[in-house]
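Below: the structure, in structure tokens.
Number of protein chains: 2
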Amino acid sequence: MESYRTLDAAQLQQALLRERERHDSFCAQGLALNMARGKPSDEQLDLSSPLLSILAAPADCQAADGTDCRNYGVLAGIPEARELMASVLDDDPATTIVLGSSSLTAMYDALARLMAFGTEGHEPWERQGPLRWLCPVPGYDRHFSITEAFGIEMLPVPLVTEGPSLGPAMDEVERLVAEDPSIKGIWCVPKYANPSGITYADDVVRRLAAMECAAPDFRIFWDNAYSVHHLSDDATRQDALLDIGLACREAGHPNRYLKFGSTSKVTFPGAGIAALAASPDNVAEALGHLRAQTIGGDKLAQLRHSRFLVDGAGIAAHMARHASILAPKFALVQAKLHDGLDGLGIARWSDPRGGYFVSFDGMEGTARRTVALAREAGVVLTGAGATWPYGEDPADSNLRIAPSLPPIEELGQALDVLVCCVRIAALEKLLAAAPPSASS
Amino acid sequence: MESYRTLDAAQLQQALLRERERHDSFCAQGLALNMARGKPSDEQLDLSSPLLSILAAPADCQAADGTDCRNYGVLAGIPEARELMASVLDDDPATTIVLGSSSLTAMYDALARLMAFGTEGHEPWERQGPLRWLCPVPGYDRHFSITEAFGIEMLPVPLVTEGPSLGPAMDEVERLVAEDPSIKGIWCVPKYANPSGITYADDVVRRLAAMECAAPDFRIFWDNAYSVHHLSDDATRQDALLDIGLACREAGHPNRYLKFGSTSKVTFPGAGIAALAASPDNVAEALGHLRAQTIGGDKLAQLRHSRFLVDGAGIAAHMARHASILAPKFALVQAKLHDGLDGLGIARWSDPRGGYFVSFDGMEGTARRTVALAREAGVVLTGAGATWPYGEDPADSNLRIAPSLPPIEELGQALDVLVCCVRIAALEKLLAAAPPSASS
Chain F
365 MESYRTLDAA QLQQALLRER ERHDSFCAQG LALNMARGKP SDEQLDLSSP
415 LLSILAAPAD CQAADGTDCR NYGVLAGIPE ARELMASVLD DDPATTIVLG
465 SSSLTAMYDA LARLMAFGTE GHEPWERQGP LRWLCPVPGY DRHFSITEAF
515 GIEMLPVPLV TEGPSLGPAM DEVERLVAED PSIKGIWCVP KYANPSGITY
565 ADDVVRRLAA MECAAPDFRI FWDNAYSVHH LSDDATRQDA LLDIGLACRE
615 AGHPNRYLKF GSTSKVTFPG AGIAALAASP DNVAEALGHL RAQTIGGDKL
665 AQLRHSRFLV DGAGIAAHMA RHASILAPKF ALVQAKLHDG LDGLGIARWS
715 DPRGGYFVSF DGMEGTARRT VALAREAGVV LTGAGATWPY GEDPADSNLR
765 IAPSLPPIEE LGQALDVLVC CVRIAALEKL LAAAPPSASS
Chain H
365 MESYRTLDAA QLQQALLRER ERHDSFCAQG LALNMARGKP SDEQLDLSSP
415 LLSILAAPAD CQAADGTDCR NYGVLAGIPE ARELMASVLD DDPATTIVLG
465 SSSLTAMYDA LARLMAFGTE GHEPWERQGP LRWLCPVPGY DRHFSITEAF
515 GIEMLPVPLV TEGPSLGPAM DEVERLVAED PSIKGIWCVP KYANPSGITY
565 ADDVVRRLAA MECAAPDFRI FWDNAYSVHH LSDDATRQDA LLDIGLACRE
615 AGHPNRYLKF GSTSKVTFPG AGIAALAASP DNVAEALGHL RAQTIGGDKL
665 AQLRHSRFLV DGAGIAAHMA RHASILAPKF ALVQAKLHDG LDGLGIARWS
715 DPRGGYFVSF DGMEGTARRT VALAREAGVV LTGAGATWPY GEDPADSNLR
765 IAPSLPPIEE LGQALDVLVC CVRIAALEKL LAAAPPSASS
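The listed protein sequences correspond, in order, to chains F and H.
All letters in the first sequence, in the order written, are residues 365 to 804 by this note's numbering.
All letters in the second sequence, in the order written, are residues 365 to 804 by this note's numbering.
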């Protein structure tokens, strides 16, 4: 296709009219499609149906160590669930504790504990004056909501999404944390990142672990939400992530990281099990506080997951079934975007090997308009700006595409709408800036 | 039996020798009995077995409003679960929200929110200087752990356990809250209280609702843990509790209360559902904060409970089955204590109509010794002092008996041990204070 960048005003106008006609026809279809959130589809949920009744009788409810999972107790989680989640978080069961049903809650609570109680004998964060936090962008809106809730100022730092140093722009990160003791942490989705899809390079992981921080109680919130969420079961087409725990120990900062994960996108979102893995000191500190907050997590949920998923190999086999459903959807996203946008000079997007999202960058100043146009045509996208702290994308260009939920035929329709809306927003933008054409 | 109070030193010594012989024989039996925690017995847990597999297939997982409970969403809980928990908390579904699996966590989190964010536009509690909290004693140790965790000074106030004004000693409560703005709240287990077993009188509930508090953001933490936990299904032998919400609205303090409850001792402890009921303002405020903490609770757990328990009548029928298991155990406690201690002048205890505990008061200065003696003989009791803030019972007299867990024959043995230990501790105490007998 000819680049929009070379068109004159009249040609832009003509193209715009054509796209508006298409948009009108989409609007007339009364579509109701949703690409807003990273939710598994019904077909994916059905993969975990055996989990529902895997514990059917009282005798099924005994953990391997004899614990009756129907009654109170076991603050850190039953041993088999700790093993299972350790495999997800690439950690040791002894330093992995199983919490409630949501890793988001685990992260919120971890930050709440740091605010209220501090760590390693340092002052509670809430008494340390205004705090700041590094937010690689584009990033995950619900992370930003947590730091915002606690009044922590968020500093966006670019995520490097091309080349050998995938991950947060480390020169900038190192400079900021070295000079500013009020910077207490960083949000990281280190594997198949939300929404960029990149996996942090080993060197980036090592620099995060080794960097000199002005804050002695700096914490990396390592949300490994997509650790086992490959789009292929071919190991050569899967990303690998260096263990941040190992890197931090080697760098002499063993307490710097807190790893989080859950089975939400493995089994049932919101009805799975979440876990925290960290250094022995950090785990002991967390358990000390948790002892006042709970008698223990839902051990029946823990046992169900342990029986159903069994171990790392069981998880890999299960995730391969997810991949067989998800991969065609991600392939369709690539096909539709290439078909509809290649050569126009108005967009680029990611092509991840795992996770739940495609990160899409349109022309500057078009993201909000694109989302609004899509909504008019019955397609709900994640709000423009959501991938930035405070919902403010300064370029107004980034969109997050979540292709997992719709059935594939609906996804195709939704992508057709998206392409049309991206074109309209770009044409409008170019027209507004274009010199009058010769004929006008 | 003849009161120990009338015995001289020689007679006390003789009685002590006899009891020590009995104690030795208990020790020789190698018992391993536990009356420490309010845990349901296996037989009780079996009552809820249908809950395990009540959702067996994907089609079972739809809430009444069509929500697929296997996927993300629904922050406040599915409608049928809100209705169910509203019936437990004597509230309206619109002002009842369903949270995770633990009411203890719900209370901890509610206090954490008040500390970090404050309420109704007042300063966050953590910025209001040293805070204090009223703790009716004897009370629940895990409540005290929460306030202690947040560095709130706990002030014990007596619980009136006889006469018409059952509940916290209101003259003292009213005086304290009126004069001290640093007193921010009070722990209440208003029905079948832990451990006293009393239910607050209507007049006490009204006075709590109406009292003038120096702190404008004073909160009653109303842990209605035993609201449906009667020991009889005969309504004339059940306690009734005035609704604190109604009382607070009538008194013009609609935001003063936060009600908590769960199904932990209805179905499976730690694997049930918990709820918060409060004023519309308080619920809206809680949801505002919860939005950053979670996408939603475990809706499969919510739906399982809704399907299994159905409604208030379903709960009542289910609790009658619990009562048929628990009532004989509570009757055995009364029989054994009467048989072993009546007339000795060294103990009194509660005879509750519901809940999970018998509160036992031995002679001053004997509770710790009694617990230690019982432990020597293989019987684990709740630690002496646990029913007081900071574990410090100034009289060292109160013990909490939890008869639910052991099978009834083991419970009988454990109570025989307890009676023997209570006697020994009393005899030792009396001997230490006795004048030398004539013969010595």
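Beta carbons are placed, not taken as given, at the ideal position from N, Cα and C, and that holds for glycine.
- Item | Exposure of H:MET358, with buried meaning 16 or more beta-carbon neighbours within 10 Å | Since the displayed chain H opens at 365 and closes at 804, residue 358 of chain H lies outside it and no answer follows.
- Proximal chain H residues relative to F:ALA480, where beta-carbon distance stays under 8 Å: Along the first sequence, read from residue 1 onward, the residue named residue 480 of chain F stands at position 116. The contacting residues are ALA476, MET479, ALA480, GLU490 and PHE514.
- Task: Please report the residue range of the alpha helix (DSSP H) in which H:ASN619 lies.
- Result: Residue 619 of chain H sits at position 255 when you count from the first residue of the second sequence. Unbroken run through H:ASN619: none, as it is neither H nor E.
- Report the neighbours of F:PRO422 on chain H: residues whose CB is nearer than 9 Å to its CB, in chain order. The residue you call residue 422 of chain F lines up with position 58 of the first sequence. The contacting residues are ASP406, LEU409, ASP410, SER413 and LEU416.
- Query: Leaving out five residues before and five after H:GLY394 in sequence, what residues of the same chain have Cβ atoms less than 6 Å from its Cβ?
  - Reply: Sequence index remark: in the second sequence, residue 394 of chain H carries index 30 (1-based). Nothing meets the Cβ criterion.
- Item | Where the alpha helix (DSSP H) containing F:GLY652 begins and where it ends | Residue numbering aside, residue 652 of chain F sits at position 288 when the first sequence is read from its first letter. It spans 644-657 - the alpha helix (DSSP H) in which F:GLY652 sits, taken as one unbroken run.
- Query: At a Cβ cut of 8 Å, what residues of the stretch 644-659 of chain F count as close to chain H, listed as they run along the chain?
  - Reply: So the close ones are HIS653, ARG655, ALA656, GLN657, THR658 and ILE659.
- Message: Would you call the stretch 509-529 of chain F in contact with the stretch 676-695 of chain F, where contact means no fewer than 3 C-beta pairs closer than 8 Å?
- Response: no
- Message: Nearest by alpha-carbon distance to F:LEU654: which of H:SER413, H:ALA445 and H:MET471 is it?
- Response: Taking the first residue of the first sequence as 1, we reach residue 654 of chain F at position 290. The residue with the shortest Cα to Cα distance from F:LEU654 is H:MET471.
- Assigned secondary structure, H:TRP752 (DSSP; H/G/I helix, E/B strand, else coil): Along the second sequence, one-based indexing puts residue 752 of chain H at 388. It is coil, neither helix nor strand.
- Message: By the 7 Å beta-carbon criterion, what residues does the stretch 615-638 of chain H contribute toward chain F?
- Response: Of all residues in the stretch 615-638 of chain H, PHE632, PRO633, GLY634 and ALA635 have a Cβ within less than 7 Å of some Cβ in chain F.
- Item | Cβ shell of H:ILE516 (< 6 Å), same chain only, five flanking positions each side left out | Stepping through the second sequence from its first residue, residue 516 of chain H is reached at position 152. Closer than 6 Å at the Cβ level, and outside the excluded window around H:ILE516, lie LEU495 and TRP497.
- Message: Using only CA atoms, which one of F:GLN492, F:THR751, F:ASP566 and F:ASP505 lies nearest to F:PHE582?
- Response: On the first sequence, residue 582 of chain F is found 218 positions in, with the first residue counted as 1. Out of F:GLN492, F:THR751, F:ASP566 and F:ASP505, F:GLN492 has the C-alpha closest to the C-alpha of F:PHE582.
- Item | Cβ pair F:GLY561, F:PHE724 closer than 8 Å | Residue 561 of chain F sits at position 197 when you count from the first residue of the first sequence. Residue 724 of chain F sits at position 360 when you count from the first residue of the first sequence. Against a cut-off of 8 Å, the Cβ pair of F:PHE724 and F:GLY561 comes out as no contact.
- Message: Rounding to the nearest angstrom, what Cα-Cα distance links F:CYS391 and F:GLY776 in this structure?
- Response: Taking the first residue of the first sequence as position 1, residue 391 of chain F is located at position 27. Taking the first residue of the first sequence as position 1, residue 776 of chain F is located at position 412. So the two alpha carbons sit approximately 16 Å from each other.
- For H:ALA641, name the three-state secondary structure that DSSP assigns. By one-based count along the second sequence, residue 641 of chain H stands at place 277. The answer is strand: DSSP assigns H:ALA641 an E or B state.
- Near the ligand ZN: H:ALA476 beta-carbon under 7 Å from a heavy atom: The ligand ZN is not part of this structure, which contains no ligands at all.
- Item | Cβ-based neighbour list, F:ARG571, same chain, cut-off 6 Å, excluding 5 preceding and 5 following | Along the first sequence, one-based indexing puts residue 571 of chain F at 207. Excluding positions up to five away in sequence, the list reads MET534.
- Listed in chain order, which residues of the stretch 751-776 of chain H have Cβ atoms closer than 8 Å to some Cβ of chain F? none
- Bridge partners - H:SER723, DSSP secondary structure assignment: Numbered from its first residue, the second sequence carries residue 723 of chain H at position 359. Per DSSP, H:ARG764.
- Query: Apart from the five residues just before and just after H:THR469, which ones in its own chain have a Cβ nearer than 8 Å to its Cβ?
  - Reply: In the second sequence, counting from the first residue as 1, residue 469 of chain H sits at position 105. The residues are LEU463 and ALA638.
- For a contact meaning CB atoms closer than 7 Å, what does F:LEU419 contact in chain H? The count along the first sequence starts at 1 and reaches residue 419 of chain F at position 55. Simply LEU416.
- Identify the residues that DSSP records as bridge partners of H:ASP432: which are they? Start at 1 with the first residue of the second sequence, and residue 432 of chain H comes out as number 68. For H:ASP432, which the question treats as bridged, DSSP gives the partners H:GLN426.
- Query: Exposed or buried, H:ASP456, counting other C-beta atoms within 10 Å across all chains shown (16 or more means buried)?
  - Reply: Position 92 of the second sequence, counted from the first residue, corresponds to residue 456 of chain H. Classification of H:ASP456: exposed, given that the 10 Å Cβ count is below 16.
- Query: Is H:SER804 buried or exposed, if buried means 16 or more other CB atoms sit within 10 Å of its CB?
  - Reply: Working through the second sequence from its first residue, we reach residue 804 of chain H at position 440. For H:SER804, the pLDDT reaches just 45, beneath the cut-off of 50, and the residue's location in the model is therefore unreliable, although a value from the coordinates is still provided. Result: exposed.
- Message: Looking at the secondary structure, which residues open and close the beta strand (DSSP E) in which H:ASP587 lies?
- Response: For the purposes of this step, residue 587 of chain H is taken as residue 223 along the second sequence, with counting starting at 1. H:ASP587 -> beta strand (DSSP E) spans 583-587.
- Task: Spell out whether any CB of chain H is found under 8 Å from the CB atom of F:LYS663.
- Result: Stepping through the first sequence from its first residue, residue 663 of chain F is reached at position 299. For F:LYS663, the answer is yes, since a Cβ of chain H falls inside 8 Å of its Cβ.
- Item | Whole-angstrom distance between F:THR730 and H:ASP473, CA atom to CA atom | Translated into positions along the second sequence, residue 473 of chain H becomes position 109. Translated into positions along the first sequence, residue 730 of chain F becomes position 366. In a straight line, the C-alpha of H:ASP473 is about 41 Å away from that of F:THR730.
- Taking Cβ-Cβ distances below 8 Å as the criterion, which residues of the stretch 445-467 of chain F are in contact with chain H? GLY464, SER465 and SER466
- beta strand (DSSP E) containing H:MET518: first to last residue? Walking along the second sequence from the start, residue 518 of chain H turns up at place 154. That run of the beta strand (DSSP E) goes 517-524.
- Using beta-carbon positions only, say whether F:GLN666 and F:ALA445 come within less than 8 Å of one another. Here residue 666 of chain F refers to the residue found at position 302 when the first sequence is read from its first residue. Here residue 445 of chain F refers to the residue found at position 81 when the first sequence is read from its first residue. Closer than 8 Å, so yes.
- Message: Since H:SER467 and H:PHE694 should fall inside the 8 Å C-beta cutoff, what is the C-beta to C-beta distance between them, to a whole number of angstroms?
- Response: Residue mapping note: residue 467 of chain H aligns to position 103 of the second sequence, counting from 1. Residue mapping note: residue 694 of chain H aligns to position 330 of the second sequence, counting from 1. Wrong, their Cβ atoms sit about 23 Å apart, outside the cutoff.
- Query: Does the beta-carbon distance from H:GLY660 to H:LEU439 come in below 8 Å?
  - Reply: In the second sequence, the residue the question calls residue 660 of chain H occupies position 296. In the second sequence, the residue the question calls residue 439 of chain H occupies position 75. For H:GLY660 and H:LEU439, yes; Cβs fall inside 8 Å.
- Query: Looking at the C-beta of H:ARG671, does it have a partner C-beta in chain F at a distance below 8 Å?
  - Reply: Taking the second sequence and counting its residues from 1, the one referred to as residue 671 of chain H is at position 307. Not an interface residue.
- Message: Taking 8 Å as the cut-off, does the stretch 750-770 of chain H touch the stretch 397-405 of chain H (at least 3 CB pairs, one atom from each stretch)?
- Response: Judged by Cβ distances under 8 Å, the stretch 397-405 of chain H makes contact with the stretch 750-770 of chain H, as three or more pairs qualify.
- Task: Put F:SER804 into one of helix, strand or coil per three-state DSSP.
- Result: Numbered from 1 along the first sequence, position 440 holds the residue referred to as residue 804 of chain F. With a pLDDT of only 45 at F:SER804, under 50, the local geometry of the prediction cannot be trusted, and the value read off the model is given with reservation. Coil at F:SER804, not helix or strand.
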